[in-house]
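Worksheet: the structure to be examined is printed underneath.
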Amino acid sequence: MKSVRFGSAEITPNKIVCVGRNYVAHIHELGNEIPEEMVLFLKPNSAISDQLLATHNEDALHYEAELSYLYQGGKFTAVAVGLDLTKRDVQSKLKAKSLPWERSKAFNGSALFTDFVPLPEQGELGLCLSINNECVQQGGTSLMIYSPEVILSEVLSFMALEDGDIIMTGTPAGVGKVPTDAVFEASLICDEQRLLSQQWLVGA
203 MKSVRFGSAE ITPNKIVCVG RNYVAHIHEL GNEIPEEMVL FLKPNSAISD
253 QLLATHNEDA LHYEAELSYL YQGGKFTAVA VGLDLTKRDV QSKLKAKSLP
303 WERSKAFNGS ALFTDFVPLP EQGELGLCLS INNECVQQGG TSLMIYSPEV
353 ILSEVLSFMA LEDGDIIMTG TPAGVGKVPT DAVFEASLIC DEQRLLSQQW
403 LVGA
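Take any residue in the sequence shown, count from 1 to its spot, add 202: that is its number in this note's numbering.
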């Protein structure tokens, strides 16, 4: 089983619950419609990795940076920046046939996370994803269609969460193909103050 880091602890999520289409600008950049209800899908524990790759089984990968929340004791206790890696061409073919997305979203190595830090008691959370020192994605809770609290309530209305599970809250505009030999840096921000940053070097 794969784990993530929260302080000095290694946490083993049972599952990752992901929100799709939670930022209006991202919905428009992919040519999608604003959904009438929350779009949710799952990634298994086996999706977690600390290695960022440009391809998986010869399919090109796209990056999607997301605020990601750790669930413990019935509430969110910690937050990180996660990367939801996506096989965009595969996803487009599945969507065209109205088929589930798992082949494009739930494969091994499709979820990366910075370290988790305690959830601030107040302040607006945001993220910045940089590739080779250029910020390509920025977003935060104020731009979400569904807030983290609303997302948690909706998930718990039909699904049990276990301690250590993670909820990824959707990606802002600026997604794109993972370039080879690039340096990714994800920063977690609260009220314009950087809480943490973490880097990954892209592998082939």
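The C-beta atom is built at its ideal place from N, Cα and C for all residues, glycine as well.
Check	Outcome
CB-CB under 6 angstroms to Tyr-273, same chain, minus the five flanking residues each way: which ones, in chain order?	Leu-363, Asp-367
Between the Cα of Ser-332 and the Cα atoms of Asn-259, Ser-205, Glu-268, Glu-239, which residue gives the shortest distance?	Glu-268
How big is the Cα-Cα spacing for Leu-345 and Gly-372?	11 angstroms
For Cys-337, is the classification buried or exposed, using 16 other Cβ atoms within 10 angstroms of its Cβ as the cut-off for buried?	exposed
Apply the 10 Å Cβ neighbour rule to Glu-238 and answer buried if 16 or more other Cβ atoms are within range, or exposed otherwise.	exposed
The alpha helix (DSSP H) that contains Glu-304, what's its start and end?	304-307
Which of the three DSSP states, helix, strand or coil, is assigned to Val-352?	helix
Have a look at Pro-320, Ser-205, Trp-303 and flag the residue whose alpha-carbon is nearest the alpha-carbon of Cys-220.	Trp-303
Straight-line CA distance for Leu-397 to Gln-293?	33 angstroms
Between the Cα of Leu-263 and those of Leu-244, Tyr-225, Ala-308, spot the shortest distance and give me the residue it belongs to.	Ala-308
Measuring CA to CA, which of Pro-350, Val-385, Gln-340 is closest to Glu-394?	Gln-340
Keeping to the same chain, check which residues put their C-beta closer than 6 angstroms to that of Ala-282; ignore five residues upstream and five downstream.	Ser-270, Phe-315, Thr-316, Phe-318
I believe Leu-329 touches Ile-369 by the beta-carbon criterion, under 8 angstroms. Please report the beta-carbon distance rounded to the nearest angstrom.	Not a contact, Cβ separation roughly 15 angstroms.
With 16 other CB atoms within 10 Å as the buried threshold, where does Ala-249 fall?	buried
Measuring only the C-alpha atoms, how far is Arg-290 from Phe-208?	30 angstroms
Thinking C-alpha only, which one of Gly-376, Thr-382, Glu-387 is nearest Val-226?	Gly-376
When the Cα atoms are used, what is the spatial distance from Glu-212 to Trp-402?	19 angstroms
Between which two residues does the beta strand (DSSP E) containing Gln-293 stretch?	Unbroken run through Gln-293 is the alpha helix (DSSP H), 290-298; no beta strand (DSSP E).
Give me the Cα-Cα distance between Leu-327 and Pro-374, rounded to the nearest whole angstrom.	13 angstroms
With DSSP as the reference, label Ser-344 as helix, strand or coil.	helix
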